[in-house]
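Visitor: Here it is: the structure, laid out below.
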Amino acid sequence: MLTTTPTERPLRPRPTAGAAWWRALGAGLLGALALPLAALADDALPPTVQAALRRAAVPASAVSALVVPVSGDRGERLRHRAGQPINPASVMKLVTTYAAIDLLGPDFTWRTRFYTDGVVDKGALRGNLYIQGGGDPKLVLERIQTAFFALQDRGVQVVLGDLVLDHSAFEVPARDPGAFDGEALRPYNASPDALLVNFKSVVLKFQPDSALGVAHVLSEPPMAGLIIDTTVPLSRKGCGDWRGALQARFDDANAIRFEGQYPLACGERVWPVAYQDPASYAARALEGLWRASGGAITGQVRNGLTPPGATLLHEAHSLPLSDIITDVNQWSNNVMAQQVFLTLGRLNPVRQEARTVPREHFTPLRAGRFERSRDVVARWWTTTFGIRHAPPVMDNGSGLSRDERITADALAGLLRHAAAHPKGAQFVQSLSVAGVSGTAARMARSPRSAARGNAWLKTGTLRDVTGVAGYVNAVNGTRYAVVGFINHPNASAARPALEALVEWTAAQPD
């Protein structure tokens, strides 16, 4: 994926979600990690966790953890500061995605609509073509081209007017993409948009040609009015910081230049970057894609509103929500999570008593706003959990925030509720599998690991924050909800402590 949190990088292509969760529980090695319940004090952490914390110089007072069966009469396995509100980083995506599964249903789709105020005549659209964004979290190049080809099949080869882009389904305040961590060109910092095109990113591919002494530069999508250097000289230096060696210039919205060299030792590399002028990205990309697909346009590409009474020409459906939340949770995709969160803000809160909200319960004139989303999720939380668990403090729903807070108690309650939900399978299968897929692939690497293939997890990392939450099938046949967080300046060094918590849970004996 193009958009991940600052430290959660994809390690391998995402595999297709399977039915592993529903196979027989158990199967694993007990090893030496298990600790009898009687030996575990109410407020003590397992020795393997404590040892990892000591190595990272992190005190137990910076840790919040809870291990509890998802069902049945077995008591809690572990409780440590579980009632303390903490910053969960990307683990907060579990709240957003589960609320979406519960309120919208796993088959929910977003719709990008194409309208006109004119008529189609002999291959030409005599009027404007309006593209009305519906908040699709994954409106990527291939799906846009499919929609353009469908329009051309309906006779729209030439637009004798303007291409008008309607972003009005979301109202998101303008912000500096580098405000959070100073990394404005990182795709994970892309802002949400009702017409979110290809994550507002340009993908640069470098192909070295030793015979010519250059690396060829390929790029996508085709961007109207953007000039990108097509070659860069090769160097004989080691690969190392190859991006820095390129000395790329992104200071001009109309050009991407390279003033350095590309190391031959790197072979082929791909560099996805957030386009330097995100406000004009959709216009440039959609015009470039329309022309590249064989279409023509005589007018300009501009932002605007779809007029009342416009004629619908085509409607492009997104992938279903169940697929979207898999990208969100397995690869910690921030902007996709925010798209889902803002979509919840479009719901009419008066109709929230319905467990799954039909499309007609969207208010057509109600735009998605973060404050509306926070209100909808707060109402949903109260309806779902009552006063048993303190409600989370939400910001943008992705965890890319210094303000979001939740307790381990509350998150474990959500996990237990989801495990019993009629559509809970889609939620569980959206999570990374320890040692196998997503951001949890880096965990449970040892062949002796009891957690490998037996833990469905969401990880989270920010500066001073690391966390993990999800489900673990233990060798004793019990499925546990596991939540662990560390809020401390040395949190990143203490990630092995959370991995040890997951291993300890997986190795629980009878």
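When we follow numbering that gives the first Met the number 0, the leftmost residue of the sequence shown carries the number 0, and every step to the right adds one. Glycine residues also receive a C-beta, built at the ideal position from the N, C-alpha and C atoms.
1. Check the C-beta distance from V57 over to A499 and give it rounded, since I have them as a contact under 8 angstroms.
2. Buried or exposed: where does P176 fall if 16 or more other Cβ atoms within 10 Å of its Cβ makes it buried?
3. Below 8 angstroms between beta carbons: does that hold for A468 and L410?
4. When the Cβ atoms of the segment 241–254 are set against those of the segment 294–308, are three or more pairs found closer than 8 angstroms?
5. Can you name the residues that DSSP bridges to E314?
6. Spell out the partners DSSP gives Y97 in its beta bridges.
7. Please classify C238 as buried or exposed, where buried requires at least 16 other C-beta atoms within 10 Å of its C-beta.
8. Leaving out five residues before and five after H316 in sequence, what residues of the same chain have Cβ atoms less than 7 angstroms from its Cβ?
9. Specify the secondary structure class of Y261 as computed by DSSP and reduced to three states.
10. So the beta strand (DSSP E) L369 belongs to, where does it begin and stop?
11. If you follow the alpha helix (DSSP H) that W289 is part of, which residue opens it and which one closes it?
12. Just grab the DSSP bridge partners of L162 for me.
13. By alpha-carbon positions, which one of P87, L138, R451 and P105 ends up nearest to I324?
14. Identify every residue that forms a DSSP beta bridge with T590.
15. Since H313 and L461 should fall inside the 8 angstroms C-beta cutoff, what is the C-beta to C-beta distance between them, to a whole number of angstroms?
16. List the residues that DSSP assigns as beta-bridge partners of I85.
17. Taking the alpha-carbon of D428 as reference, which of C265, P495, L211 and Q329 has the nearest alpha-carbon?
18. Within the same chain, show all residues whose beta-carbon is closer than 7 angstroms to that of G212, passing over the 5 residues directly before and after it, in chain order.
19. Can you pull the DSSP bridge partners for K204?
20. Would you say the beta carbon of G298 comes nearer than 7 angstroms to a heavy atom of the ligand MG?
21. Would you call the segment 68–85 and the segment 96–105 in contact, with 3 or more CB pairs under 8 angstroms?
22. Helix, strand or coil for P48? Go by DSSP, reduced to three states.
23. Have a look at V339, R387 and S60 and flag the residue whose alpha-carbon is nearest the alpha-carbon of R371.
24. Using the three-state DSSP reduction, which class does D509 fall into: helix, strand or coil?
25. Judging by CA-CA distance, which residue of F484, G452 and Y479 is the nearest neighbour of P508?
26. Does the segment 202–216 come close enough to the segment 152–172 that 3 or more CB-CB pairs lie under 8 angstroms?
27. Could you check how far apart the C-beta atoms of L320 and I143 are, in whole angstroms? I think they sit under 8 angstroms.
28. Would you tell me roughly how many angstroms separate the C-alpha atoms of G396 and A223, rounded to the nearest one?
29. Skipping 5 residues on each side, what residues in its chain have a beta carbon closer than 6 angstroms to that of A490?
30. Going by beta carbon distance, what residues of the same chain come within less than 8 angstroms of G117, once the five residues before and after it are set aside?
31. Roughly how many whole angstroms lie between the Cα atoms of G459 and A146?
32. On the premise that V334 lies in contact with P191, defined as a C-beta separation below 8 angstroms, what is that separation, rounded to the nearest angstrom?
33. Just the Cα atoms here: how many angstroms apart are V501 and F148?
34. I'd like the span of the alpha helix (DSSP H) that includes V427, first residue to last.
35. Alpha carbons only, please: which of L194, R373 and T504 is nearest the one belonging to F519?
36. So if DSSP puts N472 in a beta bridge, which residue, or which two residues, is it bridged to?
Guide: Short version:
1. By one-based count along the sequence shown, residue 57 stands at place 58. By one-based count along the sequence shown, residue 499 stands at place 500. Not quite, the Cβ-Cβ distance comes to about 13 angstroms (not below 8 angstroms), so this is no contact.
2. In the sequence shown, the residue the question calls residue 176 occupies position 177. So P176 counts as buried.
3. The residue you call residue 468 lines up with position 469 of the sequence shown. The residue you call residue 410 lines up with position 411 of the sequence shown. Cβ distance < 8 angstroms, so A468 and L410 count as in contact.
4. no
5. Residue 314 sits at position 315 when you count from the first residue of the sequence shown. DSSP output for E314 lists R112 as bridge partner(s).
6. Against the sequence shown, residue 97 aligns to sequence position 98. In the DSSP output, where bridge partners are listed per residue, Y97 has none listed.
7. In the sequence shown, counting from the first residue as 1, residue 238 sits at position 239. That one is exposed.
8. Taking the sequence shown and counting its residues from 1, one reaches residue 316 at position 317. Hits under 7 angstroms: T108 and R110.
9. Along the sequence shown, read from residue 1 onward, the residue named residue 261 stands at position 262. Y261: strand per DSSP, three-state reduction.
10. As a first step, residue 369 must be located in the sequence shown, where it is residue number 370. The displayed chain sequence assigns Phe, not Leu, to residue 369. Careful: F369 lies outside any beta strand (DSSP E), inside the alpha helix (DSSP H) at F369 to F384.
11. Along the sequence shown, one-based indexing puts residue 289 at 290. Looking at the DSSP string, the run of the alpha helix (DSSP H) that includes W289 is Y280 to A291.
12. Along the sequence shown, one-based indexing puts residue 162 at 163. In the DSSP output, where bridge partners are listed per residue, L162 has L128 and V300.
13. Position 325 of the sequence shown, counted from the start, is the residue given in the question as residue 324. Of the candidates P87, L138, R451 and P105, the one whose C-alpha sits nearest the C-alpha of I324 is P105.
14. Since the first residue of the chain shown is 0 and the last is 509, residue 590 is not available in this structure.
15. Start at 1 with the first residue of the sequence shown, and residue 313 comes out as number 314. Start at 1 with the first residue of the sequence shown, and residue 461 comes out as number 462. The pair is not a contact, with the Cβ atoms about 41 angstroms apart (cut-off 8 angstroms).
16. Residue numbering aside, residue 85 sits at position 86 when the sequence shown is read from its first letter. Beta-bridge pairing links I85 to I405.
17. Sequence index remark: in the sequence shown, residue 428 carries index 429 (1-based). Per the sequence presented here, residue 428 reads as Gln, with Asp not at that position. Closest option to Q428, Cα to Cα, is Q329.
18. Within the sequence shown, numbered from 1, the residue matching residue 212 stands at position 213. Cβ within range, chain order: P232 and L233.
19. On the sequence shown, residue 204 is found 205 positions in, with the first residue counted as 1. The partner list for K204 (beta bridge, DSSP) reads L217 and V269.
20. You won't find the ligand MG in this model; it holds no ligand whatsoever.
21. The way I'd put it, the segment 68–85 doesn't touch the segment 96–105; fewer than three beta-carbon pairs between them come closer than 8 angstroms.
22. For the purposes of this step, residue 48 is taken as residue 49 along the sequence shown, with counting starting at 1. Before going on, a small fix: residue 48 reads as Val here, not Pro. Three-state result, V48: helix.
23. Locating residue 371 in the sequence shown gives position 372, counting from the first residue. Nearest C-alpha to R371: V339.
24. By 1-based counting over the sequence shown, the position of residue 509 is 510. Coil, per DSSP.
25. Reading the sequence shown from its first residue, position 509 is the one you call residue 508. Answer by Cα proximity: Y479.
26. The segment 152–172 vs the segment 202–216: no contact.
27. Numbered from 1 along the sequence shown, position 321 holds the residue referred to as residue 320. Numbered from 1 along the sequence shown, position 144 holds the residue referred to as residue 143. So it is not a contact: roughly 20 angstroms between Cβ atoms.
28. As a working note, residue 396 is residue 397 in the sequence shown. As a working note, residue 223 is residue 224 in the sequence shown. Computed Cα separation, rounded: 33 angstroms.
29. In the sequence shown, counting from the first residue as 1, residue 490 sits at position 491. For A490, where only same-chain residues beyond five positions count, the Cβ hits under 6 angstroms are D463, V464 and T465.
30. Here the question's residue 117 lines up with position 118 in the sequence shown. Counting only Cβ-Cβ distances below 8 angstroms, and skipping sequence neighbours, we find L124, R125, G126, N127, L159 and G160.
31. Here residue 459 is taken as the residue at index 460 of the sequence shown, counted from 1. Here residue 146 is taken as the residue at index 147 of the sequence shown, counted from 1. When rounded, the distance between both Cα atoms is 35 angstroms.
32. In the sequence shown, residue 191 corresponds to position 192, counting from 1. In the sequence shown, residue 334 corresponds to position 335, counting from 1. With 8 angstroms as the limit, P191 and V334 qualify as a contact, their Cβ atoms being about 6 angstroms apart.
33. Numbered from 1 along the sequence shown, position 502 holds the residue referred to as residue 501. Numbered from 1 along the sequence shown, position 149 holds the residue referred to as residue 148. Rounded to the nearest angstrom, the two C-alpha atoms are 48 angstroms apart.
34. For this step, residue 427 is matched to residue 428 along the sequence shown. Where V427 is concerned, the enclosing alpha helix (DSSP H) stretches over G423 to Q428.
35. Beyond the ends of the chain as shown, which are 0 and 509, falls residue 519; an answer cannot be given.
36. Locating residue 472 in the sequence shown gives position 473, counting from the first residue. Answer by DSSP bridge pairing, in chain order: R478.
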